[in-house]
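Q: My questions all concern the structure below.
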Ligand code: ADP
Ligand code: MG
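Numbering (the working numbering), first residue to last: 11 to 491.
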């Protein structure tokens, strides 16, 4: 009983430290908007990089032809081909393959990483089937591709940019400062396979925004909730040092680097940060991204086991191993609705080798998962509202109401198409697979906004949008047609 009480004490302590009450979320949203403004100014001090993307022409639905994309995210990369059919066809056909990146390559040299990627890409392109013939039957000899790269890049143009830094478990020293397109293009050329050209370099958020825009012209924000988190948006109020022919440009916020004293930091966040590859950086991302949520839960459970014998001791060795508990597993436990928390018991057994747990302990584990998932969703919601505040003052004229085919509207999302709405397209495994996450996020957005504001702001899942969007942008910027 004594140890159980101590475990509950630790739970309440953690719950308190991780709490996201409305007043804190308001401050965070406000702070986000302030940092956005500061980051846009030349030489402005901000923890948001607010990177110009040189994407000034967004898809309008007319794009057509066969295009490729390579999406280099966190743990996996995807290659895909997309046959675009223009306004009446949209995405006629698509095909993709996912390859996981060996751990060693995430910490090696850029040549090793890009040779590995290029080999898979070339192999995929050379297996292009008959079904991907373009409408007029003419196949160009060059395959054009959009490269989705989910790390901060200082772009010099829409198809070149220098890697600023790594995150999410990657650390390839010789890559920093190098042009990521040049790295990939030379690796492709070394393969001596089919002719493949990188036509655009985009951040995954930008791909997501563009992918959403292909179907719906009210999409103004692209957001990732996957291994990490980030967002971009269409800026109309550009500073004088950012030139755009169209008067607008997508800005990649790199919001993972956001920090605010209002963020609820716990002992687990501090430990995790200190032992990470990038201590002191990506603070917001480390509270939100799927790479970290399971790890935060593990650290809390480890402390509960050490200080309160949550599982009855001795401390299982797996529980001591960093990143042994992954986010899909905590999402599974969180979704457990059985009376005895059977799924929680099973995950604890499978992951940590804890054979027997009592219901009280399982309830505590379930609560820890809930706290961590809810905090992530609510902090992400505050970020979205920050963007909304920054751009919401603009009048956007939109009367379009075409039916949406690839965007997945949650039943809880306001459905009616009133004018001046702002649509946020979201891609990423965390948002896609964790239903309760979406519910928490929407609820927090509603808390933060007036009823009218909440109606204007719509959040939609743009499944695989980051990759498809890159192929659409490759079409938009094609040099060969
Ligand atoms: P990336 O961000 O690397 O491009 P994804 O968008 O595919 O990759 O997201 C993968 C991340 O999504 C994983 O790191 C994991 O944290 C999270 N994820 C995957 N499946 C689930 C799930 N069932 N529930 C919650 N999170 C999940
Ligand atoms: Mg991704």
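Glycine included, C-beta positions come from ideal geometry on N, C-alpha and C.
(1) Under a three-way DSSP split, which group does residue 17 fall into?
(2) What separation, rounded to the nearest whole angstrom, lies between the Cα atoms of residue 181 and residue 349?
(3) Do residue 378 and residue 449 have their C-beta atoms closer together than 8 Å?
(4) If you measure between the beta carbons of residue 299 and residue 237, is that distance less than 8 Å?
(5) So, for residue 428: in the same chain, excluding its five sequence neighbours on each side, which residues have a beta-carbon less than 6 Å away from its beta-carbon?
(6) Shortest alpha-carbon distance to residue 465 belongs to which of 453, 368, 219 and 335?
(7) If you measure between the beta carbons of residue 343 and residue 17, is that distance less than 8 Å?
(8) Roughly how many whole angstroms lie between the Cα atoms of residue 304 and residue 53?
(9) I'd like to check one pair, residue 203 with residue 132: are the Cβ atoms closer than 8 Å?
(10) Which two residues bound the contiguous alpha helix (DSSP H) that contains residue 281?
(11) So, with DSSP's three-state summary, where would you put residue 334?
(12) What is the residue span of the alpha helix (DSSP H) that residue 108 lies within?
(13) At a cut-off of 7 Å, would you count residue 444 as near ligand 1, judging by its Cβ distance to the nearest heavy atom?
(14) With a threshold of 6 Å on Cβ separation, who are the neighbours of residue 446 within its own chain once the five nearest residues in sequence on each side are excluded?
(15) Alpha helix (DSSP H) containing residue 386: first to last residue?
(16) I'd like to know whether the C-beta atoms of residue 392 and residue 35 end up nearer to each other than 8 Å.
(17) Would you identify the three-state DSSP class for residue 479, choosing helix, strand or coil?
(18) Would you tell me roughly how many angstroms separate the C-alpha atoms of residue 214 and residue 478, rounded to the nearest one?
(19) Between the region 387-402 and the region 365-378, do at least 3 Cβ pairs fall closer than 8 Å?
(20) Give me the DSSP bridge partner(s) of residue 496.
(21) Whole beta strand (DSSP E) runs in the region 38-119 with 3 or more residues, listed along the chain?
(22) Say yes only if the C-beta of residue 247 is nearer than 7 Å to one or more non-hydrogen atoms of ligand 2, and no if none qualify.
(23) Taking only heavy atoms of ligand 2 into account, decide whether any of them is closer than 7 Å to the Cβ of residue 110.
(24) Run through the region 293-349 for me and flag every whole alpha helix (DSSP H) of 4 or more residues, listed as ranges in chain order.
(25) May I ask you to report which of helix, strand or coil DSSP gives residue 406?
(26) Tell whether a beta-carbon distance below 8 Å holds between residue 8 and residue 231.
(27) Which same chain residues end up closer than 8 Å to residue 222 when comparing Cβ atoms and leaving out the 5 residues on each side of it in sequence?
(28) Regarding residue 438 and ligand 2, is the C-beta to nearest heavy atom distance less than 7 Å?
(29) Just how far apart, CA to CA, sit residue 405 and residue 430?
(30) CA-CA distance, residue 63 and residue 157?
(31) What's the gap between the Cα of residue 129 and the Cα of residue 216?
(32) Is the region 91-102 in contact with the region 68-79, if contact means three or more CB pairs nearer than 8 Å?
(33) If you reduce the DSSP assignment to three classes, tell me which class residue 126 lands in.
(34) Shortest alpha-carbon distance to residue 172 belongs to which of 185, 179, 160 and 178?
(35) Please determine whether the Cβ atom of residue 479 lies at a distance below 7 Å from any heavy atom of ligand 2.
(36) What is the rounded straight-line gap between the Cα of residue 59 and the Cα of residue 356?
A: Inspection of the coordinates gives the following:
(1) Per DSSP, reduced to three states, the secondary structure at residue 17 is helical.
(2) Going from the Cα of residue 181 to the Cα of residue 349 covers about 44 Å.
(3) No, these two residues do not count as a Cβ contact at 8 Å.
(4) Yes, the Cβ-Cβ distance between residue 299 and residue 237 is below 8 Å.
(5) Note on residue 428: pLDDT 47, under 50, position unreliable in the model; the coordinate value appears next. Excluding residues within five positions, none has a Cβ falling inside 6 Å.
(6) Closest in C-alpha terms to residue 465, from the list 453, 368, 219 and 335, comes 453.
(7) Residue 343 places its beta carbon 8 Å or farther from that of residue 17.
(8) Inter-residue distance for residue 304 and residue 53 is about 37 Å (C-alpha atoms, whole angstroms).
(9) Yes, they are a contact pair.
(10) 277-284 is the extent of the alpha helix (DSSP H) around residue 281.
(11) In this structure, residue 334 counts as coil in the three-state DSSP scheme.
(12) Premise fails: residue 108 lies in the beta strand (DSSP E), 101-110, not in any alpha helix (DSSP H).
(13) Yes; taking the cut-off as 7 Å, the Cβ of residue 444 has a heavy atom of ligand 1 nearer than that.
(14) Once the five neighbours on either side are set aside, residue 446 has no close Cβ partner at all.
(15) Segment 369-401, the alpha helix (DSSP H) holding residue 386.
(16) Between residue 392 and residue 35, the gap from beta carbon to beta carbon is short of 8 Å.
(17) The answer is helix: DSSP assigns residue 479 an H, G or I state.
(18) Looking at the backbone, the Cα of residue 214 and that of residue 478 are separated by about 10 Å.
(19) The region 387-402 vs the region 365-378: no contact.
(20) Since the first residue of the chain shown is 11 and the last is 491, residue 496 is not available in this structure.
(21) The region 38-119 contains, as complete beta strand (DSSP E) runs of 3+ residues, the segments 74-82, 86-95 and 101-110 (chain order).
(22) Flag unset: Cβ of residue 247 not near ligand 2.
(23) False, no ligand heavy atom lies under 7 Å from that Cβ.
(24) Entirely contained in the region 293-349, the alpha helix (DSSP H) runs reaching 4 residues are, in chain order, 293-298, 300-318 and 337-344.
(25) Model confidence at residue 406 stands at a pLDDT of 32, short of 50, so the residue's coordinates are unreliable and nothing is read from them.
(26) Look at the range of the chain in this structure, 11 to 491, and you will see that residue 8 is not part of it.
(27) So the qualifying residues of the chain are 229, 232, 417, 433, 435, 470, 472, 475 and 479.
(28) Flag set: Cβ of residue 438 near ligand 2.
(29) Its pLDDT being 31, under 50, residue 405 is placed unreliably by the model, and nothing is read from it.
(30) Looking at the two C-alpha atoms, the distance is approximately 13 Å.
(31) Using only the alpha carbons, I get a separation of about 25 Å.
(32) Verdict: yes, contact present.
(33) Reduced to three states, the DSSP call for residue 126 is helix.
(34) Minimum Cα distance to residue 172 is reached at 185.
(35) Placement of the Cβ of residue 479 at a distance of 7 Å or more from every heavy atom of ligand 2 is found.
(36) The straight-line gap from Cα to Cα measures roughly 43 Å.
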